[in-house]
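> With the numbering used here applied, the sequence shown covers 14 to 421. Just so it is clear, CB atoms sit at the ideal spot from N, CA and C, and this is done for glycine as well.
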Amino acid sequence: MDVPTGHATFREGPPKMEDRIINGLFLFLFFVTPLSRAGINIVAPLLLFVWLFKKIKLRRELQEKFRYLEILKWIGFLGLAILLSLVNAKNYATAFKNIVDEYILLASIFILSLDVIENKAQFQKLIWAGLAALVIVAGVGMYQYIVQGQARIGSTFSVATQTGVYFAGTALLNLAFLLFRKKFSSLVFGSSALLFFANLACLLMTGTRAAWLGFFAGAIFLLFLALKNREISPKKIIPKIIIVVVIMMLAAVLIGWGSVLERLASITDLSNGSNQQRIKMLQGGWAMLKDHPLIGVGIGQFPIVYANYLLPGAKIYTHIHCFYMHLLVELGLIGFTVFLILVYNVLKTGINTNAHLDGERTWFYYGVLGALVGIGVCNLFDWTFLNLQVGSFTLMLAGMWLNERRAA
14 MDVPTGHATF REGPPKMEDR IINGLFLFLF FVTPLSRAGI NIVAPLLLFV WLFKKIKLRR
74 ELQEKFRYLE ILKWIGFLGL AILLSLVNAK NYATAFKNIV DEYILLASIF ILSLDVIENK
134 AQFQKLIWAG LAALVIVAGV GMYQYIVQGQ ARIGSTFSVA TQTGVYFAGT ALLNLAFLLF
194 RKKFSSLVFG SSALLFFANL ACLLMTGTRA AWLGFFAGAI FLLFLALKNR EISPKKIIPK
254 IIIVVVIMML AAVLIGWGSV LERLASITDL SNGSNQQRIK MLQGGWAMLK DHPLIGVGIG
314 QFPIVYANYL LPGAKIYTHI HCFYMHLLVE LGLIGFTVFL ILVYNVLKTG INTNAHLDGE
374 RTWFYYGVLG ALVGIGVCNL FDWTFLNLQV GSFTLMLAGM WLNERRAA
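Structure, rendered in structure tokens:
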């Protein structure tokens, strides 16, 4: 039944058919995101179509009014900045492909995440779907490493770097669960510790240095929050930290301390071929930015324009191994500034909304903050956020985080 309220109505009664379809598709999208890029390309447009149909059909109902208008506004401004960058584009076919892959799909998934999550039951189903997907991704990765003998696992992602960032994010969520969960049964704690061990082992198996650094940054951030949290007594948090450190050491022993330390040491080795290419890309990117400071060279144009800025010995890549520099080069200072304002509004909204959240899901609030820190650090050394699987996972996680209070 619809209850009239002026020119709009509140909807009462059980969820409509559109809501059930949308919730089911969104749940499946969150599950399939780490498992299949093709799955995202199929499910996300279908979900968007049903969602738009519902929004148009029920546009007079108050429940269908858009939320988070400030965030939506800056998502729109980012789209305008991307279109503005087309002024300098040399290949429009590549530009429009990147607009679809890197903006339209990701923006649509984020907007859906902001609107669709509405209640505690739905939130819990998403947590279980994400956990099920993590178990599958970890299982495939371990099979590749142990049975197939792959030196760096890619699991269900395209390359190891993307897999590493995913595992860094999930490991930080897992860490937050161990640190901030207030009540534990022995079974739940033991299962969580075992999952954390498997997660860390898979993270190390990817051999992704950026992901390792991201995890360390996020873990230090979470440990700082745990020690500063007045609601957690030192007698409870110190033993948990010791257990976490032991799990981390065991995971490193499983993979082999020598290989882990050697891989970490290569980060500061300027003679390393990979490091040299990254430095040359940054230098070339800086030269490109100086020539196109305001609106950049155009979305998707880096590999095309970079050919004119190659330093001796440099190779052509599809992206700069730094998401932030890549964004600066392709969208210029205008687009990059809009992106930073959007990120600021997302963080401000989430922190202001959930800062005083109390209950058994406080771990998720802290965990997503830690995961965002970790993924943010990862992208200092790669552009994995623009990968559809990594970007979709990150944005859906952020959408859940923003709606934590509503789903309580």
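Rounded to the nearest angstrom, how far is the Cβ of Tyr179 from that of Phe406, given a contact under 8 Å?
Indexing the sequence shown from 1 puts residue 179 at position 166. Indexing the sequence shown from 1 puts residue 406 at position 393. The Cβ separation is near 6 Å, so the contact holds.
> My output table needs one value for Glu275: the three-state DSSP class, helix, strand or coil.
In the sequence shown, counting from the first residue as 1, residue 275 sits at position 262. Reduced to three states, the DSSP call for Glu275 is helix.
> Straight-line CA distance for Ile95 to Ala224?
Position 82 of the sequence shown holds residue 95. Position 211 of the sequence shown holds residue 224. Those two C-alpha atoms are separated by around 28 Å.
> Count the other CB atoms within 10 Å of the CB of Phe197; is the residue buried (16 or more) or exposed (fewer)?
Counting from 1 along the sequence shown, the entry for residue 197 is found at position 184. Looking at its Cβ environment, which holds fewer than 16 other Cβ atoms inside 10 Å, Phe197 is exposed.
> When the Cα of Gln157 is compared with those of Ala214, Ile124 and Gly203, which residue comes out closest?
As a working note, residue 157 is residue 144 in the sequence shown. Considering only alpha carbons, the answer is Ala214.
> Given this structure, state the Cα-to-Cα distance separating Met413 from Phe394, to the nearest angstrom.
Stepping through the sequence shown from its first residue, residue 413 is reached at position 400. Stepping through the sequence shown from its first residue, residue 394 is reached at position 381. Going by the C-alpha atoms only, they are around 26 Å apart.
> Going by CA-CA distance only, name the one from Leu65, Gly177, Phe315 and Ala411 that's closest to Leu99.
As a position in the sequence shown, residue 99 is number 86, starting the count at 1. Closest option to Leu99, Cα to Cα, is Phe315.
> If you count every other CB in all the chains shown that lies within 10 Å of the CB of Tyr357, and 16 or more means buried, which is it?
Mapped onto the sequence shown, residue 357 falls at position 344. Counting Cβ neighbours within 10 Å, Tyr357 comes out exposed, since fewer than 16 surround it.
> Considering only residues of the same chain and omitting the five flanking positions on each side of Gly404, which have a CB-CB separation below 6 Å?
Taking the first residue of the sequence shown as 1, we reach residue 404 at position 391. Here the set comprises Leu119 and Phe398.
> Following the continuous alpha helix (DSSP H) through Gly92, name the residue where it begins and the one where it ends.
The residue given as residue 92 occupies position 79 in the sequence shown. Residues Leu82 to Ser98.
> Can you tell me the Cα-Cα spacing of Ala411 and Glu131, whole angstroms?
In the sequence shown, counting from the first residue as 1, residue 411 sits at position 398. In the sequence shown, counting from the first residue as 1, residue 131 sits at position 118. Each residue's Cα considered, the two are about 14 Å apart.
> Check this for me: beta carbons of Leu415 and Gly363, under 7 Å apart or not?
Here residue 415 refers to the residue found at position 402 of the sequence shown. Here residue 363 refers to the residue found at position 350 of the sequence shown. Yes; because the gap between Cβ atoms is below 7 Å, this pair is in contact.
> Report all residues from its chain with a CB closer than 8 Å to the CB of Leu127; omit the five preceding and five following residues, and keep chain order.
Within the sequence shown, residue 127 is the residue found at index 114, counting from 1. Arg80, Tyr81, Ile84, Leu85, Gly412, Leu415 and Asn416, listed in sequence order.
> How many Å lie between Phe90 and Ala264 at the Cα?
For this step, residue 90 is matched to residue 77 along the sequence shown. For this step, residue 264 is matched to residue 251 along the sequence shown. Straight-line Cα distance between these residues: approximately 44 Å.
> Taking buried to mean at least 16 other C-beta atoms within 10 Å of its own C-beta, is Ile53 buried or exposed?
For the purposes of this step, residue 53 is identified with residue 40 of the sequence shown, where counting begins at 1. With 16 or more Cβ atoms within 10 Å of its Cβ, Ile53 is classed as buried.
> Would you identify the three-state DSSP class for Asp128, choosing helix, strand or coil?
Counting from 1 along the sequence shown, the entry for residue 128 is found at position 115. Correct three-state label for Asp128: helix.
> Where does Glu343 sit, in a helix, a strand or coil, going by DSSP?
What you label residue 343 is simply residue 330 of the sequence shown in a count that begins at 1. In this structure, Glu343 counts as helix in the three-state DSSP scheme.
> Along the chain, where does the alpha helix (DSSP H) that runs through Cys335 open and close?
Locating residue 335 in the sequence shown gives position 322, where the first residue counts as 1. First-last for Cys335: undefined, no H or E at that position.
> Between the Cα of Arg222 and those of Tyr337, Ile122 and Gly177, spot the shortest distance and give me the residue it belongs to.
To locate residue 222, count along the sequence shown from 1; it is residue 209. Taking only the C-alpha atoms, the option nearest Arg222 is Gly177.
> For chain C, check one thing: does any of its Cβ atoms lie closer than 7 Å to the Cβ of Lys86?
This model lacks chain C altogether; it includes just one protein chain.
> Grouping DSSP H, G and I as helix and E and B as strand, with all else coil, what is Glu417?
Along the sequence shown, read from residue 1 onward, the residue named residue 417 stands at position 404. In the structure shown, Glu417 sits in coil (DSSP, three-state: anything other than H, G, I, E or B).
> So the candidates are Pro252, Leu283 and Leu185; which of them puts its Cα closest to the Cα of Val390?
The residue labelled residue 390 in the question sits at position 377 within the sequence shown. For the residues Pro252, Leu283 and Leu185, the minimum Cα distance to Val390 belongs to Leu185.
> For Tyr337, which residues of its own chain have a beta-carbon under 8 Å away from its beta-carbon, when the five flanking residues on both sides are left out?
By one-based count along the sequence shown, residue 337 stands at place 324. Counting only Cβ-Cβ distances below 8 Å, and skipping sequence neighbours, we find Phe349, Asn392 and Leu393.
> Which value, in whole angstroms, describes the spacing of the CA atoms of Phe43 and Gly143?
As a working note, residue 43 is residue 30 in the sequence shown. As a working note, residue 143 is residue 130 in the sequence shown. Using only the alpha carbons, I get a separation of about 7 Å.
> What is the residue span of the alpha helix (DSSP H) that Gly167 lies within?
One-based indexing of the sequence shown puts residue 167 at position 154. Taken as a continuous stretch (DSSP letters only), Gly167 belongs to no alpha helix (DSSP H), as it is neither H nor E.
> Can you tell me whether Ile312 is buried or exposed, with buried defined as 16 or more other CB within 10 angstroms of its CB?
For the purposes of this step, residue 312 is taken as the residue at position 299 of the sequence shown. Ile312 comes out buried.
> Helix, strand or coil, according to DSSP, for Ala327 in the structure here?
For the purposes of this step, residue 327 is taken as the residue at position 314 of the sequence shown. Note: Ala327 maps to coil in three-state DSSP.
> Starting from the C-beta of Leu60, find all residues in its chain whose C-beta is less than 7 Å away, skip the five residues before and the five after it, and write them out in chain order.
Translated into positions along the sequence shown, residue 60 becomes position 47. Once the five neighbours on either side are set aside, the close Cβ partners of Leu60 are Ile35, Leu38, Phe39, Leu42 and Leu125.
> Are Ile122 and Ala57 close, meaning C-beta to C-beta below 7 Å?
By 1-based counting over the sequence shown, the position of residue 122 is 109. By 1-based counting over the sequence shown, the position of residue 57 is 44. Taking 7 Å as the Cβ cut-off, Ile122 and Ala57 qualify as a contacting pair.
> Pick out whichever of Arg291, Ile254 and Val266 has its Cα sitting closest to the Cα of Ile329.
Start at 1 with the first residue of the sequence shown, and residue 329 comes out as number 316. Of the candidates Arg291, Ile254 and Val266, the one whose C-alpha sits nearest the C-alpha of Ile329 is Arg291.
> Taking a contact to mean a Cβ-Cβ separation below 7 Å, would you say Leu307 touches Leu346 in this structure?
Here the question's residue 307 lines up with position 294 in the sequence shown. Here the question's residue 346 lines up with position 333 in the sequence shown. Contact flag set, yes.
> Looking only at its own chain, which residues have a Cβ that is under 6 Å from the Cβ of Gly231, when we skip the five neighbours before and after it?
On the sequence shown, residue 231 is found 218 positions in, with the first residue counted as 1. Taken in chain order, the residues that qualify are Leu185, Gly383, Val386 and Gly387.
> Can you tell which of Gly227, Lys29 and Gln289 has its C-alpha closest to the C-alpha of Glu74?
Working through the sequence shown from its first residue, we reach residue 74 at position 61. Closest option to Glu74, Cα to Cα, is Lys29.
> If Leu191 and Ser171 are in contact, beta carbons under 8 Å, what's the gap, nearest whole angstrom?
By 1-based counting over the sequence shown, the position of residue 191 is 178. By 1-based counting over the sequence shown, the position of residue 171 is 158. 30 Å between Cβ atoms; not a contact.
> Just the C-alpha distance for Tyr116 and Phe229, rounded to the nearest angstrom, thanks.
By one-based count along the sequence shown, residue 116 stands at place 103. By one-based count along the sequence shown, residue 229 stands at place 216. Going by the C-alpha atoms only, they are around 29 Å apart.
> With DSSP run on the structure shown, which of helix, strand or coil describes Phe197?
By 1-based counting over the sequence shown, the position of residue 197 is 184. Coil, per DSSP.
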